[in-house]
Amino acid sequence: MRRSQLNALLAAVHPLVLGLMAWGGLATQAGCASLPETEQDDLESTTAAVTSGNILFVGNSFTHGNEEPAYSYNKAAVTDTNGSGQGGIPGIFKKLTTQAGFTFNVSLETASGQTLRWHHTNRAATIGQATWNTVVLQEQSTTPLPTSRGGSPTGFTDAVRDLRTLVRAANPSANLYLYETWSSPTSVGAQGYPSGTAGLQTMQTDLRDAYFKAYRDLGFTGVARVGDGYMRAVDQNLADPNPADGISPGMFNLWSAQDSRHSSKYGSYLSAAVLFAKITQADPRGLATGTGSAAAELGISVTDAVNLHRIAHEITALPDPVVNAPTRLRVTGATFTGSVTAGTPANITGNTQLAALTTSEGTFTNLVGATANGITSTNTPSARGTAPANANAAATGLSIHDGTNNLNAGHFQFGAAFTTKTRFFIVDSTPTSTTLGDEATVTLINASNQVVGSYSLALLASDFTSSAAGNTSTALATVSYTSGVASLTGNPVGTVQSKLGGVSFSLADLGVTDVASISTATGLRISSATLDPNVVGIYTVP
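Under mature numbering (1 follows the signal peptide of the UniProt record, and there is no 0), the residues of the sequence shown are numbered -22 to -1, 1 to 520, in order.
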């Protein structure tokens, strides 16, 4: 919707908007304020507002708060699933939504200092309940950072992917938000960033990129840009970037005076306001600030609260940052040479070579296969014809003998330099009774099979060739394995048909913005509990 259309709509519904705002407890003295002109044309929401239901916040002390008054704020109105008596940011969020007339049942599942992987391992029974229609995930504050800064970006991606799978398995329509955390004076020093505002900005950029990469790669509903809100307050000279030398007059401290890392009451309130704006899509600038409001109960002045509301609106109204230009594509066609019977799809009957792949970018015949090594697999590889001697042999080259059933981890070496025109591809197999594609994490590696930088990509089943369970019409090919595991070969052997599907992706999808920075990369590492990669390779687009 363009600015002129939006203003016309606002003019038409203005009386109704004012009435709803008054009914919901929102301040109406500003009327129906229009968005800042620099942001108005960019504010295009692609997700529906969430204004009710059961919402669960998962995280650590950056969610439950580290000190009073935020730590136990509004605890009687929320459910602490661990019985710790915490209110924190979820408690403030609950109060803000009540002020706005929304009805949420707010719960928190938090544990100080823990990562999202810990929550997946230890609190899956709570998080994986069908009752949650909205779940907010907050990672440990340094885990998403690059490995060079002490982070574990792959660990972050793996954890949020697994939690997404857990939540969606229980409730396929659940809304999933990522809670982007903040840089801090203490963390900047500990993680090796420059001191001062420059270090805060650089660390926040790394956090932002990690959260938005996970959001785009994994299909989350959105990112609440809390950390970016912190930096906006610093940039606007509202928050003091260096509390260690005292708080400058007219400024507030976003971080705890105890450690300059956790949030103060100002930081906690800003966090809740950004979450409120992102999830409900209501304008936080209309939130009340007087007696009985969350701001007043936390001891935040009207002036500071109004500024925090404005920052929450501004940071939420910004268009999502472009972390990389995604080019991963489903493979929609393939041709084979060797023992194959033509048809739709083709039926592979023996040793066969993959000759060409087709995506929306075109059809490519300059295919180069990978050499596999270091494969970890839970089952005997499945193969057409004689069973391979080991998992490595099963995943090597372009022969239809390739295939590692239930791959856990594997290194695939190409022996060729990568460019911006390189496209990687994976051809996967699955029984015809299931849908095509399995989730996997792909990471760049060097010739010694070590990770290059912190580049990784979480592939989803939906990224592979589309093929519904029990339907082979869109598969790349079908094959009946004559050796390997019984679940894929059938009884008698060779009676269960499997189908093939594929996906392609680029360096940009992995997050590589400077090809020179990955000059030592020669291959890929694939991690998956279920992927059956028949072929792994590369080709080059014109």
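Built from N, CA and C at the ideal position, the CB exists for glycine as well.
Which residues in the same chain have their Cβ closer than 6 Å to the Cβ of residue i, if we skip the five residues on either side of it in sequence?
i           : result
L414        : T408, F442, T443, S445 and G479
E339        : V519
V(-10)      : With a pLDDT of 34 at V(-10), under the threshold of 50, the modelled position of this residue cannot be trusted, and the question is left open.
L502        : F390 and V420
A369        : I353, S355, P359 and T382
A312        : L335 and L454
A5          : Reliability of the predicted coordinates at A5 is poor, the pLDDT of 35 falling under 50, and no value is obtained from them.
residue 551 : Coverage of the chain is limited to positions -22 through 520, which leaves residue 551 absent and any answer about it impossible.
Any idea what DSSP makes of residue i, helix, strand or coil?
i    : result
I504 : strand
N368 : coil
A102 : helix
Y459 : coil
T336 : strand
N32  : strand
F392 : coil
S249 : helix
P68  : helix
S465 : helix
E45  : coil
V212 : helix
S119 : coil
P221 : helix
Can you tell me whether residue i is buried or exposed, with buried defined as 16 or more other CB within 10 angstroms of its CB?
i    : result
A273 : buried
D206 : buried
Q118 : buried
I516 : buried
Q236 : exposed
K191 : buried
I326 : buried
V490 : buried
S271 : buried
I225 : exposed
Closest to residue i by C-alpha separation, out of the options, would be which residue?
i    : options                   : result
R194 : V138, T183 and Y171       : V138
A78  : S432, I257 and N370       : I257
G66  : T452, S249, G462 and A499 : S249
D223 : N153, S238, L216 and D492 : S238
G170 : G197, G129, R142 and R186 : G129
A350 : T109, T500, V318 and G61  : T500
V284 : L154, N38 and G264        : G264
W160 : V514, T398, A26 and Q182  : Q182
P323 : S30, T456 and T143        : T456
Q428 : G388, A394 and T467       : G388
S162 : G200, A211, S151 and A152 : A211
F403 : N469, G462, V309 and A395 : V309
P122 : T132, V113 and V114       : T132
A27  : Y49, V463, N111 and A103  : N111
S279 : K243, P299, F314 and D298 : K243
One question on the structure: do residue i and residue j come within less than 7 Å of each other, judged by their Cβ atoms?
i           : j    : result
A447        : T412 : yes
residue 585 : S234 : Because the chain is modelled from -22 through 520, residue 585 falls outside the range shown and cannot be assessed.
T337        : S506 : no
E158        : R203 : yes
Q475        : T410 : yes
I496        : V430 : yes
Q116        : T41  : yes
M179        : A148 : According to the sequence as given, residue 179 is Gln; it is not Met. No, the pair does not count as a contact, with Cβ atoms beyond the cut-off.
T81         : S432 : no
F71         : L253 : yes
T90         : S39  : The sequence shown places Ser at residue 90, rather than the Thr named in the question. Yes. Within cutoff.
residue 522 : S85  : Nothing in the structure corresponds to residue 522, since the chain is present only between -22 and 520.
P262        : H287 : yes
A260        : H291 : no
R362        : S484 : no
R142        : L196 : yes
Step through the CB atoms of chain B and report whether any lies within less than 7 Å of the CB of residue i.
i    : result
P163 : Absent from the structure: chain B. Only one protein chain is present.
Ignore the nearest five residues each way along the sequence and tell me which others in residue i's own chain have a CB closer than 7 Å to its CB.
i    : result
L509 : L385, D406, D416 and A418
G174 : P219 and N220
Among the residues of its own chain, which have a CB less than 8 Å from the CB of residue i, if the five just before and after it don't count?
i    : result
G472 : S458, Y459 and T460
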